[in-house]
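Asks:
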Amino acid sequence: MSRSNLLGTLLFLGFIVLSNSVYVISETQRGVLLKFGEVVKSDLEPGLHFKTPFVNSVRKFDGRILTVDSTPERFFTQEQKQLIVDSYAKFRVVDTAKYYTATSGEEFRAAALLSQRINDDLRNQVAGRTVQEVVSGERDQLMEAVKARLNETVLAELGIEVIDVRVKKIDLPNEVSQSVYRRMNAEREKEARELRSEGKEIAEGMRAEADRKVTVIEAEAVRDAEIIRGDGDATATRIYADSFNRDPEFYAFTRSLNAYQQTFSTGSDIMLLQPDSQFFQYLRDPKAGK
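See below:
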């Protein structure tokens, strides 16, 4: 073998040895150093590190906050009513040695184990509460209790810390939903009928009050009109009386002429009168009134 070939081979072998001796842990990663599969150093710091080639190996994990989305499960409440709860959790790796030992560094296996524990704790928490408490009344307390309970076990068993547990959705089973919806619909229809009945009652009261006011206004108007008419008639009578008292003879003569006009305008040619009737007194004697 020539000297140049030997040098090239040595350089190649040196590059292989060097590449297997150096590794980098980034800021978003956590890692463990293994020796023939056994953990010899955990919680490796971010940066450049060295290891023994072909003896040591490195396993890197995601050091950021991860999400596990649990499968919706059916739980029973304190009243033995069924609820379908869909939840998720946020977690991160804090003990790389335990995490690797429990899950072989597989994120999906850690998520599966954590999801199972979440559902178990949710089942226990829901079983001790009513539907109202689970849905709204004590929902936050339930989540805090589940998170605290998980951190008591998963940190020691899986080497992870649960940051938060949340319920995405709480549903009733399909066989229960329809009856609940029908009951809710019946309650809403009953409430609507009561509101319509109250509205009609109020409308009738308002209509009756309006009719009463119209009747009162019309009665007052008729009363005022009669008073005005009476005052007018009294005024007219007073004027007639004053005029009559000024010249009674002229007033009597005028009344007689009006009587002649009304009598002869009917077209009747027959009149039955006594000979001494006062009707024609001014025709017999123009000075009859004096």
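Just so we're aligned, residue 1 is where the sequence shown starts under the UniProt record's numbering, counting upward by one. Ideal Cβ positions, reconstructed from N, Cα and C, are used throughout, including at glycine.
Taking Cβ positions, are residue 87 and residue 168 nearer each other than 8 Å?
Replies: Numbered from its first residue, the sequence shown carries residue 87 at position 87. Numbered from its first residue, the sequence shown carries residue 168 at position 168. Yes, the pair counts as a contact, with Cβ atoms nearer than the cut-off.
Asks: Can you find a C-beta in chain B that's less than 8 Å from the C-beta of residue 110?
Replies: In the structure shown, chain B cannot be found, because there is only a single protein chain.
Asks: Under a Cβ-count criterion, where at least 16 other Cβ atoms within 10 Å of its own Cβ denotes burial, should residue 102 be classed as buried or exposed?
Replies: Here residue 102 refers to the residue found at position 102 when the sequence shown is read from its first residue. When all chains shown are included, residue 102 counts as buried.
Asks: Based on the DSSP secondary-structure assignment, which residues constitute the bridge partners of residue 169?
Replies: The sequence position of residue 169 within the sequence shown is 169, counting from 1. Paired residue(s): 86.
Asks: Suppose the cutoff is 6 Å on Cβ atoms and the five residues either side in sequence are ignored; what does the same chain contact list for residue 94 look like?
Replies: Counting from one through the sequence shown, the residue named residue 94 turns up at place 94. Around residue 94, the same chain offers 161 as residues with beta carbons nearer than 6 Å, after the five sequence neighbours per side are excluded.
Asks: Should residue 47 and residue 96 be called a contact, given that it needs their Cβ atoms to be closer than 8 Å?
Replies: The sequence position of residue 47 within the sequence shown is 47, counting from 1. The sequence position of residue 96 within the sequence shown is 96, counting from 1. Not closer than 8 Å, so no.
Asks: Please name the residue in 239, 125, 25 and 224 whose C-alpha comes closest to that of residue 83.
Replies: Your numbering for residue 83 matches position 83 in the sequence shown. The shortest C-alpha separation from residue 83 is found at 125.
Asks: Got a sec? Which residues, its chain only, sit under 7 Å from residue 135 by beta carbon, not counting five neighbours each side?
Replies: In the sequence shown, residue 135 corresponds to position 135, counting from 1. The residues are 170.
Asks: Have a look at 131, 154, 163 and 215 and flag the residue whose alpha-carbon is nearest the alpha-carbon of residue 99.
Replies: Locating residue 99 in the sequence shown gives position 99, counting from the first residue. Looking at the Cα atoms, 154 is the closest of the given residues.
Asks: Applying the 10 Å Cβ sphere with the 16-neighbour rule, what's the burial state of residue 31?
Replies: Start at 1 with the first residue of the sequence shown, and residue 31 comes out as number 31. Residue 31 counts as buried, since at least 16 other C-beta atoms from the protein chains shown sit within 10 angstroms of its C-beta.
Asks: So, are the CB atoms of residue 143 and residue 123 less than 8 Å apart?
Replies: Translated into positions along the sequence shown, residue 143 becomes position 143. Translated into positions along the sequence shown, residue 123 becomes position 123. No; because the gap between Cβ atoms is not below 8 Å, this pair is not in contact.
Asks: If you follow the alpha helix (DSSP H) that residue 115 is in, where does it begin and where does it stop?
Replies: Here residue 115 is taken as the residue at index 115 of the sequence shown, counted from 1. Its alpha helix (DSSP H) spans residues 107 to 127.
Asks: How far does the beta strand (DSSP E) with residue 38 in it reach, from first residue to last?
Replies: Counting from one through the sequence shown, the residue named residue 38 turns up at place 38. Run containing residue 38: 38 to 41, per the beta strand (DSSP E) assignment.
Asks: Specify, as a first and last residue, the run of the alpha helix (DSSP H) that residue 152 falls within.
Replies: Residue 152 sits at position 152 when you count from the first residue of the sequence shown. 139 to 158 is the span of the alpha helix (DSSP H), which, as asked, contains residue 152.
Asks: What residues in its chain sit with their C-beta under 7 Å from that of residue 59, if we drop five residues either side in the sequence?
Replies: Here the question's residue 59 lines up with position 59 in the sequence shown. Counting only Cβ-Cβ distances below 7 Å, and skipping sequence neighbours, we find 31, 32, 34, 100 and 105.
Asks: Distance, Cα to Cα, residue 65 vs residue 36?
Replies: Stepping through the sequence shown from its first residue, residue 65 is reached at position 65. Stepping through the sequence shown from its first residue, residue 36 is reached at position 36. Their backbone Cα atoms lie some 29 Å apart in a straight line.
Asks: Could you have a look at residue 35 and say whether DSSP puts it in helix, strand or coil?
Replies: Along the sequence shown, one-based indexing puts residue 35 at 35. Of the three classes helix, strand and coil, the one that applies to residue 35 here is strand, per DSSP.
Asks: Would the beta-carbon of residue 163 fall within 8 Å of that of residue 92?
Replies: Sequence index remark: in the sequence shown, residue 163 carries index 163 (1-based). Sequence index remark: in the sequence shown, residue 92 carries index 92 (1-based). In contact: residue 163 and residue 92 (Cβ atoms closer than 8 Å).
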